[in-house]
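Visitor: Below are the structure tokens for one structure; questions will follow.
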Amino acid sequence: MSVTEPAARAPLASEERLLSGWGRSAPSRSRLLRVRAVEDVAHFLSYEAHAARGVIARGAARNYGDAAQNEGGDVLDMTGLDRILSIDAERGLVRAQAGATVAQLMARLAPHRLTLPVVPGTRHVTIAGAIASDIHGKNHHRDGGMARHVRSLALCTPAGGLEEVTPESDPELFYATLGGMGLTGVVVEATIAAEPLAAPWVAADVDRTDGLAETLELMAAEERHRYSVAWLDLLAGGASMGRAVISQADPLPADAVVTLRRRGRRAATGDDPTTLTRGTVIDVPRGFPGNVLRPGAVRAFNAIRWRAHPRRERGRPIALAPYFFPLDALGGWNRLYGPAGLLQYQFVIPTGQEGELERCFELIRRRRLPVYLAVFKRFGPAFGGPLSFPIAGWTLAIDLPAATPGLGEALDELDELVVGAGGRVYLSKDVRLRRDVLAAMYPQLERFRTQRARVDPEGLLRSDLGRRVGLCGELW
């Protein structure tokens, strides 16, 4: 695609904004420019971007950290490019622009009896954000992450302009972009493989455990289900610490759905694709005081939540939206943490290092970290690019109030345990990782830097995350 001459295009609408990720814990000020068309991106990178300021793309701002921020520089708001361009039901392919969300895609695919093969914990992530983070879901142990299902990218780079990139045409650049945090180019469109959808339901098996030992034992058993996740109570005291509600599920067969509908279950469970794009049930107001959410209150809530689940339940029908995106019902839930925000720390420990995993849990207990939410999953084999997060093993994501005294020191300690076990921290959630541990966590870092040097030799693409951990290189 040719780039329009500078004089032929009006400048992008812009404003100075204080931007942050979903955690709201590390805001920075940038010039936000609103992209209106695909050609705007190529035009901006070719003619309007200044190396002194740098630029990064931004979607729905659902990453927890500072990957879509660029202090003192430019940020391209891609949410205006939200069209779903085509659905090929016969081949199971969907083509969408960068700003289309998971919710939009799932709702449009459902009438074709198709769905996305991998979804994160929120439906509000944009497709380009999902690619930049190489998202994973509750089914990584079976289906891998986003990198397994993207078929092509329309990628705009400072050196090459706008081009279609596939695993066959340029595998190194393609996979460096999957998980590359937006630093190999701006994704403007993508083609993704969809999968058959019998019905918008799953059938879930639920087990409630009494402590960490039982939780780990059940999660380590042979996995027979498509989806698997555990909610952990890490604020419970004594032997109850690490008690959990484990949910393992499979798609509900179409004949079972017919039976449920005859019993009048449709309205109660949201058996309707439009529920994926409906608004929230409750919204947390702006200015919510941070002192309301305290360890004692969360400890009591966790106890109630734990007791509310049965000891053992089999085949419970749950609609897709509440199963995959339970927190989306509470709009602006990140405001519960007050003006200081939250940190989500997610790490993975390789299979065979379960002893080190238990040391991580012990450190969390010893440091008395106020973990308000903890989600535990199993990962399958690694696949993708040099910065893709998942490796075969165990991943834990914990939400912590950013204002917790001694939090930085405690997480530095956790970093050391994770690195020592051969694990890594998820960059899409990160806002505080030290650059000296990055190479140990991501041993293929030089492969990524090689691609950056090829497509962005002047270092135009940069972000707060990239500068902090050294992904943008020493010169920028």
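In terms of the working numbering, the numbers along the sequence shown are unbroken and rise by one, the last being 910.
Yeah, the Cβ is synthetic: ideal placement off N, Cα and C, and Gly gets one too.
Between Val584 and Ala624, how many whole angstroms is the CB-CB distance? I'm expecting something under 8 angstroms.
Guide: Here residue 584 refers to the residue found at position 150 of the sequence shown. Here residue 624 refers to the residue found at position 190 of the sequence shown. Indeed they touch by this definition, with Cβ atoms about 6 angstroms apart.
Visitor: Below 8 angstroms on the Cβ atoms is my guess for Ile752 versus Trp635; work out the distance and round it to an integer in Å.
Guide: For this step, residue 752 is matched to residue 318 along the sequence shown. For this step, residue 635 is matched to residue 201 along the sequence shown. With a Cβ gap of about 7 angstroms, Ile752 and Trp635 count as contacting.
Visitor: Return the chain-ordered list of same chain residues with a C-beta closer than 6 angstroms to the C-beta of Arg463, the five sequence neighbours on each side being excluded.
Guide: Position 29 of the sequence shown, counted from the start, is the residue given in the question as residue 463. These residues qualify, in order along the chain: Leu452.
Visitor: Would you check if the distance between the CB atom of Ala501 and the CB atom of Leu519 is smaller than 8 angstroms?
Guide: Residue 501 sits at position 67 when you count from the first residue of the sequence shown. Residue 519 sits at position 85 when you count from the first residue of the sequence shown. No, Cβ-Cβ distance for Ala501 and Leu519 is not below 8 angstroms.
Visitor: Cutting at 8 angstroms between CB atoms, please list the residues of its own chain near Met540, excluding the five before and the five after it.
Guide: Taking the first residue of the sequence shown as 1, we reach residue 540 at position 106. Cβ within range, chain order: Thr549, Leu550, Val553, Arg557, Pro707, Leu710 and Leu754.
Visitor: Does Ala567 pass the burial test, meaning 16 or more other C-beta atoms within 10 Å, or should it be called exposed?
Guide: Taking the sequence shown and counting its residues from 1, the one referred to as residue 567 is at position 133. Per the sequence shown, the amino acid found at residue 567 is Ser instead of Ala. The residue is buried, with at least 16 neighbouring Cβ atoms inside 10 Å.
Visitor: Quick one: what's got a C-beta closer than 6 angstroms to His574's C-beta in the same chain, skipping five residues either side?
Guide: Here residue 574 is taken as the residue at index 140 of the sequence shown, counted from 1. Correct list, in chain order: Phe813, Gly814 and Pro824.
Visitor: Can you name, in chain order, every residue of its own chain whose Cβ lies under 7 angstroms from the Cβ of Asp890, other than the five neighbours on each side?
Guide: Mapped onto the sequence shown, residue 890 falls at position 456. Thr591, Pro592 and Ala593.
Visitor: Exposed or buried, what is Leu510 when buried is set at 16 or more other beta-carbons lying within 10 Å of its beta-carbon?
Guide: Position 76 of the sequence shown holds residue 510. Buried, by the Cβ-count rule.
Visitor: Could you give the residue range of the beta strand (DSSP E) that holds Glu449?
Guide: Position 15 of the sequence shown, counting from 1, holds the residue named residue 449. Where Glu449 is concerned, the enclosing beta strand (DSSP E) stretches over Ser448 to Leu453.
Visitor: Going by the DSSP bridge assignment, what does Ala862 pair with across the sheet?
Guide: Position 428 of the sequence shown, counted from the first residue, corresponds to residue 862. Note on residue identity: the sequence assigns Ser, not Ala, to residue 862. In the DSSP output, where bridge partners are listed per residue, Ser862 has none listed.
Visitor: Here's a check: name, in chain order, each residue in its chain whose Cβ is nearer than 8 angstroms to the Cβ of Ala701, leaving out the five neighbours to either side.
Guide: As a first step, residue 701 must be located in the sequence shown, where it is residue number 267. Legend: pLDDT at Ala701 = 40, less than 50; position of this residue unreliable, no value from coordinates given.
Visitor: Okay, do the segment 490 to 498 and the segment 613 to 628 touch, 3+ Cβ pairs below 8 angstroms being the bar?
Guide: yes
Visitor: Could you compute how far the alpha carbon of Ala447 sits from the alpha carbon of Gly721?
Guide: For the purposes of this step, residue 447 is identified with residue 13 of the sequence shown, where counting begins at 1. For the purposes of this step, residue 721 is identified with residue 287 of the sequence shown, where counting begins at 1. Between the alpha carbons of Ala447 and Gly721 lies a distance of about 28 angstroms.
Visitor: For Trp456, which option in Leu905, Val865 and Leu467 has the closest C-alpha, if you only look at C-alpha atoms?
Guide: For the purposes of this step, residue 456 is taken as the residue at position 22 of the sequence shown. Ranking the options by Cα distance to Trp456, first place goes to Val865.
Visitor: Tell me which same chain residues have a C-beta within less than 7 angstroms of the C-beta of Asp641, skipping the five on either side of it?
Guide: Here residue 641 refers to the residue found at position 207 of the sequence shown. Leu652, Ile680 and Arg746.
Visitor: Quick check: the Cα distance between Gly915 and Ser459, rounded to an integer number of angstroms?
Guide: The shown model of the chain, from 435 to 910, leaves out residue 915, and the question about it has no answer.
Visitor: Does the distance from the C-beta atom of Val489 to that of Asp474 stay below 8 angstroms?
Guide: The sequence position of residue 489 within the sequence shown is 55, counting from 1. The sequence position of residue 474 within the sequence shown is 40, counting from 1. Their beta carbons are not under 8 angstroms apart, which means Val489 does not touch Asp474 by this criterion.
Visitor: Could you check the C-alpha separation between Arg902 and Arg750 for me, to the nearest Å?
Guide: Position 468 of the sequence shown, counted from the first residue, corresponds to residue 902. Position 316 of the sequence shown, counted from the first residue, corresponds to residue 750. One C-alpha to the other measures close to 45 angstroms.
Visitor: Whole angstroms is fine: what's the gap from Glu629's alpha carbon to Ala523's?
Guide: By 1-based counting over the sequence shown, the position of residue 629 is 195. By 1-based counting over the sequence shown, the position of residue 523 is 89. One C-alpha to the other measures close to 9 angstroms.
Visitor: In chain order, what residues of the same chain lie with their CB nearer than 6 angstroms to the CB of Arg801, ignoring the 5 residues before and after it?
Guide: Here residue 801 corresponds to residue number 367 of the sequence shown, with the count starting at 1. Closer than 6 angstroms at the Cβ level, and outside the excluded window around Arg801, lie Ala844.
Visitor: Based on the DSSP secondary-structure assignment, which residues constitute the bridge partners of Tyr661?
Guide: As a first step, residue 661 must be located in the sequence shown, where it is residue number 227. In the DSSP output, where bridge partners are listed per residue, Tyr661 has Ala683.
Visitor: Strictly by DSSP, which residues pair up with Cys794?
Guide: Mapped onto the sequence shown, residue 794 falls at position 360. DSSP, once it has assigned bridges, lists no residue as partnering Cys794.
Visitor: Should Asn768 be labelled buried (16 or more other beta-carbon atoms within 10 Å of its own) or exposed?
Guide: Looking up residue 768 in the sequence shown gives position 334. With 16 or more other Cβ atoms within 10 Å, it is buried.
Visitor: For Glu450, which residues of its own chain have a beta-carbon under 8 angstroms away from its beta-carbon, when the five flanking residues on both sides are left out?
Guide: Mapped onto the sequence shown, residue 450 falls at position 16. Arg463, Ser464, Arg465 and Leu466.
Visitor: For Thr556, does the three-state DSSP call read helix, strand or coil?
Guide: Along the sequence shown, one-based indexing puts residue 556 at 122. Looking at Thr556 - three-state DSSP - the assignment turns out to be coil, as it is neither helix nor strand.
Visitor: Might you give, ordered along the chain, the residues of its own chain that have their beta carbon closer than 8 angstroms to the beta carbon of Ser586, omitting 5 neighbours on each side?
Guide: Your numbering for residue 586 matches position 152 in the sequence shown. Hits under 8 angstroms: Glu598, Val599, Thr600, Ala624 and Thr625.
Visitor: Report the rounded CA-to-CA distance for Phe608 versus Gln780, giving the unit in angstroms.
Guide: Taking the first residue of the sequence shown as position 1, residue 608 is located at position 174. Taking the first residue of the sequence shown as position 1, residue 780 is located at position 346. Between Phe608 and Gln780, the C-alpha separation is close to 25 angstroms.
Visitor: Rounded to whole angstroms, what is the Cα-Cα separation between Leu577 and Ala816?
Guide: Position 143 of the sequence shown, counting from 1, holds the residue named residue 577. Position 382 of the sequence shown, counting from 1, holds the residue named residue 816. One detail in the question is off: residue 577 reads as Asp in this sequence, not Leu. Straight-line Cα distance between these residues: approximately 11 angstroms.
Visitor: For a test of the three-state rule: what should DSSP assign to Tyr771, helix, strand or coil?
Guide: For the purposes of this step, residue 771 is taken as residue 337 along the sequence shown, with counting starting at 1. In the structure shown, Tyr771 sits in a helix (DSSP, three-state: H, G or I).
Visitor: In three-state DSSP terms, what is Gly595?
Guide: Translated into the one-based positions of the sequence shown, residue 595 becomes position 161. Strand, per DSSP.
Visitor: Can you find the residues in the same chain that come closer than 6 angstroms, C-beta to C-beta, to Glu657, ignoring five residues on each side of it along the sequence?
Guide: In the sequence shown, the residue the question calls residue 657 occupies position 223. Counting only Cβ-Cβ distances below 6 angstroms, and skipping sequence neighbours, we find His575.
Visitor: Using the Cβ count rule (16 or more neighbours within 10 Å means buried), how would you classify Ile738?
Guide: For this step, residue 738 is matched to residue 304 along the sequence shown. Exposed is the call here.
Visitor: Which residues share a DSSP beta bridge with Phe882?
Guide: Along the sequence shown, one-based indexing puts residue 882 at 448. Per DSSP, none; premise fails for Phe882.
Visitor: Where does the unbroken beta strand (DSSP E) through Arg812 begin, and where does it stop?
Guide: By one-based count along the sequence shown, residue 812 stands at place 378. The continuous beta strand (DSSP E) containing Arg812 extends over residues Leu807 to Phe813.
Visitor: Given 8 angstroms as the limit, is there contact between the segment 757 to 766 and the segment 828 to 836, that is, 3 or more CB pairs closer than that?
Guide: no
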